[in-house]
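Numbering (the numbering used here), first residue to last: 761 to 901. These notes concern the structure reproduced below.
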């Protein structure tokens, strides 16, 4: 499976969170807007609403998959849903969420899991945590 082309702004420049933020600041626009989508129809709605970013979040566990919490969702689940969002080819930046325990074991595993989301079409990844996650974040950037 090949990843879609990176999201681009109206000028065709690649979109990143800093680029989006900088553009909105220079335009005097509203804050960054991110919504969650788990599939192609949701991505199309977000695109039509002209949001800045789409998060394919671990909340898919409860919203779509029927789990009681986000602890059950896997990297495979997030890869599947990230790819579904990416296939819609939305303009907003696609952010893939690294689920719980997919970035807690080692830096190598963190990079491997983030790469899977990127290959599926994510253009950025999100993870949560404090100082213990700094080595993982440094490895990703």
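Backbone N, C-alpha and C define an ideal beta-carbon position, used for all residues, glycine too. These numbers come from a predicted model, not from an experiment.
DSSP, read as helix, strand or coil, puts residue 884 in strand. In the displayed model, residue 896 falls within a helix according to three-state DSSP. Residue 881 is positioned such that its CB atom lies no closer than 8 Å to that of residue 821. Bridge pairing for residue 857: 886 [DSSP]. Boundaries of the beta strand (DSSP E) harbouring residue 815: 813-816, taken from the DSSP string.
With contacts defined as CB atoms closer than 8 Å, residue 795 and residue 814 qualify as a contacting pair.
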